[in-house]
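Taking our numbering, I'd label the letters of the sequence shown as residues 21 to 115. For each residue, glycine too, the CB sits at the ideal point set by N, CA and C. Since the structure is predicted, the reported quantities are computational estimates derived from the model, not experimental observations. Report on the structure given below.
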Amino acid sequence: MCLAVPGRVVETRERDGAPMASVDFGGVVKDVCLAYVPDAAPGDYVIVHVGFAIQRLDEESARASLRLFADLGLLEEEFGDAWERAAAEAGEAVR
Numbered sequence: 021m022c023l024a025v026p027g028r029v030v031e032t033r034e035r036d037g038a039p040m041a042s043v044d045f046g047g048v049v050k051d052v053c054l055a056y057v058p059d060a061a062p063g064d065y066v067i068v069h070v071g072f073a074i075q076r077l078d079e080e081s082a083r084a085s086l087r088l089f090a091d092l093g094l095l096e097e098e099f100g101d102a103w104e105r106a107a108a109e110a111g112e113a114v115r
């Protein structure tokens, strides 16, 4: 299975003419292409699928998605412990 996972944009930059960002997934930071959402800015939440941000979303929706993925056991299955911890933290922050 391949999930589209929400994360928070930490910084944006350009690489070889492409808009890029560092995106934080609960402590795991990955480089992500912003070609589909070039107006995303630090602090925004985006849904990332196979290295591309495909949509912006609000923080509450991002946290709700992480909680749901965790409840279904998908984060652990797909990504390991760091993702599970991120979802747990998201759940604590919203409740």
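| message | At the 7 Å Cβ level, is R33 part of the contact set with chain C, yes or no? | response | Here chain C cannot be found, since the structure has a single protein chain.
Within 8 Å, do at least three Cβ pairs link the stretch 24–31 to the stretch 55–70?
With a cut-off of 8 Å, the stretch 24–31 and the stretch 55–70 count as touching, because enough Cβ pairs lie within range.
R115 by DSSP, collapsed to three states: which one? A caution first: R115 carries a pLDDT of 46, below 50, which makes its placement in the model unreliable, though a value can still be read off. Assignment of R115 by DSSP, reduced to helix, strand and coil, places it in the coil class.
Of the choices G71, I67 and D36, whose alpha-carbon is the least far from that of D51?
If we check each option's Cα against that of D51, G71 comes out closest.
Which residues does DSSP list as the beta-bridge partners of S81? Answer is none; S81 lacks a bridge partner.
Notebook entry, point to check: Going straight from the alpha carbon of L23 to that of I67, what length do you get?
Noted result: So the two alpha carbons sit approximately 10 Å from each other.
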